[in-house]
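These protein sequence lines map, in sequence, to chains F and Z. The opening residue of the first sequence carries number 12 in the numbering used here; numbering runs sequentially from there. The opening residue of the second sequence carries number 1257 in the numbering used here; numbering runs sequentially from there.
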Amino acid sequence: MLRKWLWFAVVSMFAVSCASAAGKNSIQIKGSDTMVNLGQSWAEKCMQDDPKNFIAVTGGGSGTGFSSLISGSCDIAMSSRNIKEKEISLAKQKGVNPFEVKVALDGLAVVVNPKNPVDKLTIDQLAQIFTGKITNWKEAGGQDAVIVILSREVNSGTHVYFKEHVLRKGDANSKEEFAPQALLLSSSQAIADEISQNPGAIGYYGMGYISNKQKAVMVAHDEKSPYVAPTVENVMSGSYPISRPLFFYANGEPSGLVKKFVDFCLSKKGQDIVVQTDFVPVSR
Amino acid sequence: MRKFKEFIIEKLILLCGLASIFFVLLIFLFLLKEGLAVFRSVTPFQFLTGRSWYPISEPPQLGILPLILGSLMVTAGAAAISIPVGVACAVYIAEIAPAQFKEVLKSGIELLAAIPSVVLGFVGMVTLVPWVKSIFHLPTGLTALSGSIMLAFMAMPTIVSVAEDALYSVPKSYKEGALALGATHWQVIHRVILPAASSGILAAVMLGIGRVIGETMAVMMITGNSAVIPNSILQPVRTLTATIAAEMGEAVVGSEHYFALFAVGIVLFVISFAVNVTADLFLHKKVS
């Protein structure tokens, strides 16, 4: 909370001083909370490379990003979902022409203890496990043991994504929730630690946290489709089901500093930052 | 001139004294202002007795009964462990221990108070949690019991030092009188000293419990944080404090979730206020 405001204060003070000194050398980026850290790392690096640039990154959610882009209060909207038809028509009315750039991918691994014999699950099984409809591993092809559900805290974008795309299978009208008995842990690392010492536990997190103390489960859309392991290659090719592209949306073809920044993000250096912040680089 | 200096210092000290009361008032007013806003969307009854806590769903479900019960269960467990052990320890220090050993024990207990709660939580997570899991054959060791044991460690120093003070302040003549009448040492402790110090010991217990209810970090790390109504101490629970700590960082300012967290803060404030007032009543009873 405090950090957010502090960041905001620093950014706004800096923005004022820069705007007066450098004219159009500053851009505003707004949107997805999932991408805030990634965006900030990019911005910091880009500003280090050329101190004349000023790039401010704030969160608020993908929807907030689009509404700011449409109202003209930001130059780039970060989004962890595609722009909606409604948003495009609204933008057209205001004379804004959203231009989409895929900047990174995000893959979520479902992990269990290496002692657990289960090594593949369908999305449907995952939904039933995490909503508490299946409570014993033997119903999912494992031993007779209670399933311990581990989830991130509700403040996590990963929590929300997992709920919307696995529990609710992308259905906006679905009311499915995590089972109340799910353990909510405050970090991905805490989930990784608990998984490594608990043979009955199942959890999920960004692929960056997988180590040999946890086993990543292969996931399939349904029983007929192939089971796919969460690897960088499979996320890049789009065959791993629990992954999503992360986008930048600019107003029209990027130019000036916006173009410079987008190019930087897609460059080798920019994509290395993607890997460092535990996302998956886009295939290029 | 000296008088003037005296006057200035006196007023300065008065100001400091008033400041703390002023701050408490301000904090409470702020809590009320932010927290009561949640009752525009839920009734107080729904809020306090609702069984589901899904603050970020659409529409959010804000029922804190599981959180209240979680806090109470962890606290009750910690009290059940720390009160007998703490009071016994205080009796030993005040009455039985030889003078040298007494000093060692006292400083040891003060050291226990100096360990930051996050360190205790971390130690608990890697040692106690697997241990609880294997002893009770549980699916997970992140349970209310683990939290209770860890919190008992945190309440112990308060209980021991306040209770020891209370035992120590029992007039020597009581003890001497009882011994002169032919009572054994145990009879003196059990029948004379403990009853004479009872209000001070109760105050010690209350202060210890107050510390346990407000504790956040260790609990968040080892109780599992699942917002389900617990029916045994061997289940994961989510406490009021952990909920605020875990969720405040990302709650959108001005959202129902944000106000709900402040309302949780009010509930917590009311509980610890009640505990502290009770402790105070007992302490003052001792003086009169």
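Cβ atoms here follow ideal geometry from the backbone N, Cα and C, with glycine treated the same way. Owing to the predicted nature of the structure, the values given are computational and were not obtained by experimental measurement.
Mark Phe1278/Z as exposed unless 16 or more other C-beta atoms lie within 10 angstroms of its C-beta, in which case mark it buried.
In the second sequence, residue 1278/Z corresponds to position 22, counting from 1. By the Cβ-count criterion, Phe1278/Z is exposed, with fewer than 16 other Cβ atoms from all chains shown falling within 10 Å of its own Cβ.
Tell me whether the beta-carbon of Val1416/Z lies closer than 9 Å to the beta-carbon of Ala1460/Z.
One-based indexing of the second sequence puts residue 1416/Z at position 160. One-based indexing of the second sequence puts residue 1460/Z at position 204. Their beta carbons are under 9 Å apart, which means Val1416/Z touches Ala1460/Z by this criterion.
For Asn108/F, collect the residues of the same chain with a Cβ closer than 8 Å to its Cβ; drop the 5 residues on either side in sequence, then sort them by chain order.
For this step, residue 108/F is matched to residue 97 along the first sequence. Excluding positions up to five away in sequence, the list reads Ala102, Asn262 and Gly263.
Using a Cβ-Cβ cut-off of 7 Å (strictly less than) and excluding sequence neighbours within five positions of Cys1272/Z, which residues of its own chain qualify?
One-based indexing of the second sequence puts residue 1272/Z at position 16. The beta carbon of Cys1272/Z sits closer than 7 Å to none of the beta carbons in its chain outside the five residues before and after it.
Min CB distance Asp61/F to chain Z below 9 Å
For the purposes of this step, residue 61/F is taken as the residue at position 50 of the first sequence. So, not an interface residue.
What residues in the segment 176-190 of chain F bring their beta carbon closer than 7 Å to a beta carbon of chain Z?
From the segment 176-190 of chain F, only Glu188 have a Cβ closer than 7 Å to chain Z.
Does DSSP put Gln225/F in a helix, a strand or coil?
Start at 1 with the first residue of the first sequence, and residue 225/F comes out as number 214. Correct three-state label for Gln225/F: coil.
If contacts are defined as beta-carbon pairs under 8 Å, then Phe1525/Z and Phe1284/Z qualify, I think. What distance do you get, rounded to the angstrom?
Counting from one through the second sequence, the residue named residue 1525/Z turns up at place 269. Counting from one through the second sequence, the residue named residue 1284/Z turns up at place 28. 7 Å between Cβ atoms; contact.
With 9 Å set as the bound, which would you pick, yes or no: does the beta-carbon of Thr1331/Z sit closer than that to a beta-carbon of chain F?
Residue mapping note: residue 1331/Z aligns to position 75 of the second sequence, counting from 1. No, its Cβ sits nowhere closer than 9 Å to a Cβ of chain F.
Can you tell me whether Ile1391/Z is buried or exposed, with buried defined as 16 or more other CB within 10 angstroms of its CB?
Position 135 of the second sequence, counting from 1, holds the residue named residue 1391/Z. By the 10 Å Cβ count, Ile1391/Z comes out exposed.
Where does Ser1203/Z fall in DSSP's three states?
Outside the modelled stretch of chain Z, which goes from 1257 to 1544, sits residue 1203/Z, for which no answer is possible.
Using Cβ-Cβ distances below 8 Å, what residues of the segment 205-230 of chain F are close to chain Z?
Here the close residues are Glu205, Gln208, Asn209, Gly211 and Ala212.
Give me whichever residues DSSP pairs with Tyr1310/Z in a beta bridge.
Within the second sequence, numbered from 1, the residue matching residue 1310/Z stands at position 54. Its beta-bridge partners are Gln1317/Z.
Let me see if you follow: with CB-CB separation under 9 Å, is Leu1384/Z close to chain F or not?
By 1-based counting over the second sequence, the position of residue 1384/Z is 128. Leu1384/Z does not count as touching chain F.
Measure the alpha-carbon distance for Lys41/F versus Ala1535/Z and round it to whole angstroms.
As a position in the first sequence, residue 41/F is number 30, starting the count at 1. As a position in the second sequence, residue 1535/Z is number 279, starting the count at 1. If you take the alpha carbons of Lys41/F and Ala1535/Z, they lie about 51 Å apart.
Along the chain, where does the beta strand (DSSP E) that runs through Ala88/F open and close?
Position 77 of the first sequence holds residue 88/F. Ile87 to Ser90 is the span of the beta strand (DSSP E), which, as asked, contains Ala88/F.
Rounding to the nearest angstrom, what Cα-Cα distance links Gln282/F and Tyr172/F in this structure?
The residue you call residue 282/F lines up with position 271 of the first sequence. The residue you call residue 172/F lines up with position 161 of the first sequence. Straight-line measurement puts the Cα of Tyr172/F at about 22 Å from the Cα of Gln282/F.
Would Val157/F count as contacting chain Z if we go by Cβ distances under 9 Å?
Sequence index remark: in the first sequence, residue 157/F carries index 146 (1-based). Using beta-carbon distances, Val157/F counts as an interface residue toward chain Z, with a partner under 9 Å.
Nonlocal neighbours in the same chain, by C-beta distance under 7 Å from Ala32/F, ignoring five residues either side
One-based indexing of the first sequence puts residue 32/F at position 21. Here the model assigns Ala32/F a pLDDT of 41, short of 50, so the residue's position is not dependable, and the following value carries that caveat. Its chain contains no residue whose beta carbon lies nearer than 7 Å to that of Ala32/F once the 5 sequence neighbours on both sides are disregarded.
Taking its Cβ as the centre, do 16 or more other Cβ atoms sit within 10 Å of Trp148/F, making it buried, or is it exposed?
For this step, residue 148/F is matched to residue 137 along the first sequence. A buried status is given to Trp148/F, since no fewer than 16 other beta-carbon atoms sit within 10 Å of its beta-carbon.
Which value, in whole angstroms, describes the spacing of the CA atoms of Ser1313/Z and Ser1454/Z?
To locate residue 1313/Z, count along the second sequence from 1; it is residue 57. To locate residue 1454/Z, count along the second sequence from 1; it is residue 198. Distance between the alpha carbons of Ser1313/Z and Ser1454/Z is about 49 Å.
Out of Leu49/F, Ser37/F, Gln39/F and Ile38/F, state which residue places its alpha-carbon closest to the alpha-carbon of Pro292/F.
Mapped onto the first sequence, residue 292/F falls at position 281. Pro292/F has its Cα closest to that of Leu49/F, out of Leu49/F, Ser37/F, Gln39/F and Ile38/F.
Terminal residues of the continuous beta strand (DSSP E) containing Gly70/F?
Counted from its first residue, the first sequence places residue 70/F at position 59. Phe65 to Gly71 is the extent of the beta strand (DSSP E) around Gly70/F.
Any beta-carbon of chain F closer than 9 Å to the one on Asn1481/Z?
Taking the second sequence and counting its residues from 1, the one referred to as residue 1481/Z is at position 225. Answer yes: the Cβ-Cβ gap between Asn1481/Z and chain F drops below 9 Å somewhere.
At a CB distance below 9 Å, what residues from the segment 1388-1410 of chain Z approach chain F? Give them in sequence order.
From the segment 1388-1410 of chain Z, only Lys1389, Leu1394, Pro1395, Thr1396, Gly1397 and Leu1398 have a Cβ closer than 9 Å to chain F.
State whether the segment 67-78 of chain F contacts the segment 271-287 of chain F, with contact taken as three or more CB pairs (one from each stretch) at a distance under 8 Å.
Taking 8 Å as the limit for Cβ pairs, the verdict is that the segment 271-287 of chain F does not touch the segment 67-78 of chain F.
Rounded to the nearest angstrom, what separates Leu1463/Z and Gly1510/Z at their Cα positions?
Against the second sequence, residue 1463/Z aligns to sequence position 207. Against the second sequence, residue 1510/Z aligns to sequence position 254. Approximately 34 Å between the Cα atoms of the pair.
Thinking just about the alpha-carbon of each residue, which of Val129/F, Leu116/F, Asn93/F and Glu244/F is nearest to the one in Phe110/F?
As a first step, residue 110/F is located in the first sequence; it is residue number 99 there, counting from the start. Comparing Cα positions, the closest option is Asn93/F.
Cα-Cα, which of Lys1389/Z, Glu1420/Z and Ile1522/Z is closest to Gly1403/Z?
Mapped onto the second sequence, residue 1403/Z falls at position 147. Just measuring C-alpha positions, the residue of Lys1389/Z, Glu1420/Z and Ile1522/Z sitting nearest Gly1403/Z is Lys1389/Z.
Comparing the C-beta of Val1484/Z with each C-beta of chain F, is any distance below 9 Å?
Taking the second sequence and counting its residues from 1, the one referred to as residue 1484/Z is at position 228. True, the Cβ-Cβ gap to chain F drops below 9 Å.
Enumerate in chain order the residues of its own chain whose CB-to-CB distance from Gly1470/Z is below 8 Å, with the five nearest sequence positions on each side excluded.
Within the second sequence, residue 1470/Z is the residue found at index 214, counting from 1. Beyond the five residues adjoining it in sequence on each side, Gly1470/Z comes within less than 8 Å, by CB distance, of Thr1497, Leu1524 and Ser1528 in the same chain, given in chain order.
Report yes if the CB atom of Ala115/F is closer than 9 Å to the CB atom of Tyr260/F, and no otherwise.
Locating residue 115/F in the first sequence gives position 104, counting from the first residue. Locating residue 260/F in the first sequence gives position 249, counting from the first residue. Contact check for Ala115/F against Tyr260/F fails: the beta carbons are separated by 9 Å or more.
According to the Cβ coordinates, are Pro1311/Z and Leu1537/Z closer than 9 Å?
For this step, residue 1311/Z is matched to residue 55 along the second sequence. For this step, residue 1537/Z is matched to residue 281 along the second sequence. No, the pair does not count as a contact, with Cβ atoms beyond the cut-off.
For Asn36/F, which option in Lys226/F, Lys174/F, Asp44/F and Ser266/F has the closest C-alpha, if you only look at C-alpha atoms?
In the first sequence, counting from the first residue as 1, residue 36/F sits at position 25. Closest by alpha carbon: Ser266/F.
Quick one: is Pro1300/Z near chain A, going by C-beta distance under 9 Å?
Among the protein chains in the structure shown, which are F and Z, there is no chain A.
Which of the three DSSP states is assigned to Phe1515/Z in this structure?
Start at 1 with the first residue of the second sequence, and residue 1515/Z comes out as number 259. Assigned with DSSP and collapsed to three states, Phe1515/Z falls in helix.
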